[in-house]
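Below you'll find the structure, written out as structure tokens, and then a few comments.
Protein chains: 2
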Amino acid sequence: MNLLDIGEVARRSGVPPSTLRYYEEIGLISSYGRRGLRRQFDVDVLLKLSLIDLGKSAGFSLTAIAGMFGRDGQLAIPRADLHAKADALQRQMVDLRILRDALRHVADCPTASHLECPSFRKLVKAASRGRVAAGRRREATDEG
Amino acid sequence: MNLLDIGEVARRSGVPPSTLRYYEEIGLISSYGRRGLRRQFDVDVLLKLSLIDLGKSAGFSLTAIAGMFGRDGQLAIPRADLHAKADALQRQMVDLRILRDALRHVADCPTASHLECPSFRKLVKAASRGRVAAGRRREATDEG
DNA sequence: CCTTGACCTCAAGTTGGCTTGAAGTGGCAG
DNA sequence: CTGCCACTTCAAGCCAACTTGAGGTCAAGG
């Protein structure tokens with residue numbers, strides 16, 4: 000078992016020691032004893048940290064991420080959840096595209112007040128109709 | 000000027016009154032006087048709220064969003080900035096796509112332990128290389 | 001042996017984005 | 001005129017995810 004002490008993990012991963020200690024405290028990662036005072040981590044922690052970073056950027060909370068690693072530290076996520084998250088990312092991409100298009104429109108549209116430009120309003124309204132409908136769907140399934 | 004009172008705005012937009020007051024406090028939206036005690040908002044605030052929601056879902060902070068509206072409440076951003084922002088959104092979309100594909104892989108890959116699945120490791124490493132590089136670029140430009 | 005510096009613990013502070021609670025007010029229906 | 005209710009203010013609280021600070025410890029190098 001190839002061990003690294005916390006400073007080395009921090010250096011290699013870019014995650015500050017304070018954060019590593021915090022992650023250990025909440026059970027997201029674990030250390031293998033100490034050398035003197037210093038926590039020792041298995042090199043595998045680096046991959047786990049990448050996963051954590053990835054998960055965070057996908058919008059998972061740390062608690063949710065912790066839940067994705069089984070007792071044994073393996074990844075254990077129900078397939079349905081993964082697909083659901085992938086779908087959510089898909090929707091987020093759609094939002095981004097709308098926003099990007101709206102921005103490009105604003106950049107290129109000669110109308111003085113964008114809030115009054117018909118095609119801009121159309122873009123934004125189309126977007127908000129989508130989100131309101133999605134919200135309603137979520138509520139409905141939450142209640143049911 | 001078609002005015003709505005706060006309760007009506009809340010009903011129509013789905014944004015709670017407390018949040019509307021909060022948004023006004025931080026200068027994100029503004030009201031046009033009162034009727035009795037009640038804030039009156041121009042109907043246009045609904046469009047603005049859609050924009051705000053859109054911006055939030057694209058990962059902008061409220062402060063950043065506020066910065067996108069000029070002093071006069073109009074969208075007032077230099078064209079170059081708008082295009083830069085649109086490009087940033089484009090990059091963010093690419094990241095999301097990578098992540099989405101990684102999630103779908105995990106959902107469909109039959110390997111018992113994803114941490115040991117070579118193609119998973121490859122995906123995660125590729126993704127993290129991308130993010131670390133992006134981080135370095137950000138730091139570099141921040142410093143410069 | 002003594003200093004140095006990277007670590008340690010624990011508590012408290014910070015930021016963002018709100019929500020909640022207590023106490024007060026304005027206008028309209030009965 | 002009374003009462004109600006939707007609003008008002010202001011302060012405080014809350015959650016996540018950390019960071020910061022004070023004061024302590026250990027092992028290695030000079």
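Line order of the protein sequences matches chains E and W. Residue numbers for the first sequence follow numbering that gives the first Met the number 0, so the first one is 0 and each next one is one higher. Residue numbers for the second sequence follow numbering that gives the first Met the number 0, so the first one is 0 and each next one is one higher. Every residue gets a Cβ at the ideal spot worked out from N, C-alpha and C, and that includes glycine.
query	result
Contact set between the region 26-44 of chain W and chain E, restricted to residues whose Cβ is under 8 Å from the partner	Asp-43
Test: Arg-78(W) CB closer than 8 Å to a CB of chain E	yes
Chain W contact residues for Arg-120(E), given Cβ-Cβ distances below 9 Å	Leu-46
Phe-59(E), DSSP secondary structure in three states	coil
Residues bridged to Leu-3(E) [DSSP beta-bridge criterion]	Phe-40(E)
Backbone secondary structure at Leu-74(E) - three-state DSSP	strand
Beta bridge counterpart(s) of Arg-120(W) as assigned by DSSP	Answer by DSSP bridge pairing: none, since Arg-120(W) is not bridged.
Beta-carbon contacts of His-104(W) that lie in its chain and below 8 Å, excluding the five residues immediately before and after	Ser-118, Phe-119 and Leu-122
Cross-chain neighbours of Arg-103(W) in chain E, by beta carbon under 9 Å	Leu-81, His-82 and Ala-85
Buried or exposed (CB count within 10 angstroms, at least 16 for buried), Asp-43(E)	exposed
Per-residue burial, Gly-54(W) [other beta carbons within 10 Å of its own, 16 or more giving buried]	buried
Beta-carbon neighbours of Ser-49(E), restricted to chain W and to distances below 8 Å	Val-123, Lys-124, Ala-126 and Ser-127
Beta-carbon neighbours of Ala-57(W), restricted to chain E and to distances below 7 Å	Asp-94, Leu-95 and Leu-98
Beta-carbon proximity of Leu-88(E) to Leu-95(W), cut-off 8 Å	yes
Beta-carbon gap between Leu-81(W) and Leu-27(W) smaller than 8 Å	no
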